[in-house]
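Take a look at the structure below.
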Amino acid sequence: MPAKAGDFWQQQWTVPGEAESNNLIIRPIRESDKARFFHSYMTSQKWLYRKLGWAWPSEKSTLEQNSTMVDYHLEQAEQKTAFTYVVLDKSDNSIIGAVYMVPVASERQENSGISKSAYNAEVSWWLLESAVDNNLHNDLFALLTRWLGESWPWRQVMFPVSEDNATALQLLESSKARYIGRNLDTREKYFSYAISRK
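The numbering of the sequence shown is the numbering used here, which starts it at 17 and goes up by one.
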């Protein structure tokens, strides 16, 4: 059954497995990723904390906290309430980022006047500073948007981005995504992305 506006997930839908480009693989996070995932984002901790605006990752983050977080992501995926994917660099199979697909937060409408029912999901991501330095953000965005069109059932998603994340903002502003508003308190900008079907 096709997605209706506001639908995050219907039980009869199949969750996409992975996507691949010349340089990257996006695949579901696994329990066996826990240690690699933690050590990956902690190599860019200060940079990610400053850019993402998520109050994460903290310099005090621990392996135990990370394990709890990954368990939560795995539980969400099993219940189909949200989906977390890791981004792998094909050259060495290292984890260099993550992609998150979650229902649109209710506070978007309350704080920014954005209609929650107009979107199927929020999509956000992070990449290590070294990956951005190597321009892999361009590869990731191209792969992600292609994958949304080819494999996901949604019609329209929202990209929330911190005003401090200049790389992501530049990507979105130069793409077919449309700016729809901002939250002055959280310093986030929001972009609407209509998914083209292949």
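Every residue, glycine too, gets a C-beta built ideally from N, C-alpha and C.
Check: To which residues of the same chain is M174 closer than 8 Å at the C-beta, ignoring the five residues directly before and after it?; Outcome: V120, R124, I130, Y135, A137, E138, V139, I196, Y206, F207, S208 and Y209
Check: Return helix, strand or coil for T59, following the three-state DSSP convention.; Outcome: coil
Check: In three-state terms, what does DSSP make of Y135?; Outcome: coil
Check: What does the Cβ neighbour count give for N226, buried or exposed, with the cut at 16 atoms within 10 Å?; Outcome: Nothing about residue 226 can be read from this structure; the chain reaches only from 17 to 214.
Check: I'd like the ranges of any alpha helix (DSSP H) spanning at least 4 consecutive residues and lying wholly in the stretch 73–107.; Outcome: 79–95
Check: For the alpha helix (DSSP H) containing S146, name the first residue and the last one.; Outcome: E145 to D149
Check: Looking only at its own chain, which residues have a Cβ that is under 8 Å from the Cβ of D87, when we skip the five neighbours before and after it?; Outcome: E47
Check: Measuring only the C-alpha atoms, how far is Y29 from A35?; Outcome: At residue 29 the sequence reads Trp, which differs from the Tyr that was named. Straight-line Cα distance between these residues: approximately 17 Å.
Check: Taking the alpha-carbon positions, what's the R203 to A182 distance?; Outcome: 12 Å
Check: N150 to W163, Cα distance in whole Å?; Outcome: 22 Å
Check: Three-state secondary structure (DSSP) at W163?; Outcome: helix
Check: In terms of residue numbering, what span does the alpha helix (DSSP H) encompassing Q186 cover?; Outcome: A182 to E189
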